[in-house]
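To keep things clear, I will list the structure first and then write my remarks on it.
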Amino acid sequence: ALYANAIHEAALYAKSLANHQRGFLLSGDPEYTREIAKETAEPPSRFDLAATYAVSRAHQDAVRTSRTQFDRWHRAMLGDLDTFRHGERQEAIDESLGPTRELRKRYEESLAHAYLLGVTSIERSTDSLSTSATRSVTFLLGYRALALLAGVAVALWVVRAILRPALTLSQNAIEVLTQGLVLVDEDERGSHHGVAVVVPIGVVNALAESALDTQQSLKPSSEPTS
């Protein structure tokens, strides 16, 4: 992007110089030559930047060609200005519309080619980045799906191995409380107090079995369960 931008700025300054040249040859106003003197150093500086930012041999060759073509036109353009100042105005105009104009077309074509190389590189880099981003997103979604499946598997294992036995134990404990009968005795003073608790044997057995199952599920084991 920096390379393409430097080439684009070089083309703009070169175009500005050509406009000042035409303005001076048409009017003879020295203001145009002052603008030319002010902007003459701009295109070479942009070519230097483009060469610095070139990312391939093709870019470097394009910058070199564009600068060579621009320098040839620039020398011819300055020669036309000198011819005009020396009074040979029509000859200067004819040169600017003939050989000098052909040189300008050549450097403009070389600049257009150099700029196209930069734009093409940007497009290729953008496509590569887009492909890489799409691949990364696909991998990320795959990892998230695997993590989700693993989380579901762990949750099911926890429910089956730990929570279900614990729930059964709590239910059987409630059965003991609800089905148990308290035997009450009366003493010589007429006071009543509990002397025993009677629980159906089936309820007691169920509580004992669920307690063993819960203890087994919470007990660390080095052997895989079937």
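Under the numbering used here, the residues of the sequence shown are numbered 36 to 261, in order. Glycine included, each C-beta is placed from N, C-alpha and C at the ideal position.
Give the C-beta separation of residue i and residue j to the nearest angstrom, bearing in mind that I take them to be a contact with Cβ-Cβ under 8 Å.
i	j	result
Y38	A85	5 Å
I42	A149	5 Å
I71	L47	15 Å between Cβ atoms; not a contact.
S156	V90	6 Å
L138	R107	5 Å
Reducing DSSP to helix, strand and coil, say where residue i ends up.
i	result
V233	strand
D220	strand
T75	coil
A36	coil
V90	coil
G114	helix
S62	helix
S226	coil
Quick one: is residue i near chain B, going by C-beta distance under 8 Å?
i	result
D129	No chain B is part of this structure, which consists of one protein chain only.
Using the beta-carbon count (16 or more within 10 Å), is residue i buried or exposed?
i	result
S62	exposed
H109	buried
A188	exposed
T87	exposed
E130	buried
P259	Any reading at P259 needs caution, since the residue's pLDDT is 49, under 50, leaving its predicted position unreliable; the model's value is listed next. That one is exposed.
N247	Inspection of the sequence shows that residue 247 is occupied by Leu rather than by Asn. The residue is exposed, with fewer than 16 neighbouring Cβ atoms inside 10 Å.
T118	buried
H55	buried
A45	buried
G49	In the sequence as displayed, the identity of residue 49 is Ala instead of Gly. Counting Cβ neighbours within 10 Å, A49 comes out buried, since at least 16 surround it.
G237	exposed
- Just checking, does the region 69 to 82 make contact with the region 101 to 117 on the three C-beta pairs under 8 Å criterion? yes
- Segment contact, 8 Å Cβ cut-off, at least three pairs: the region 140 to 151 with the region 112 to 125: no
- Can you give, in chain order, each stretch of the alpha helix (DSSP H) that sits fully within the region 115 to 149 and has at least 4 residues? 124 to 132
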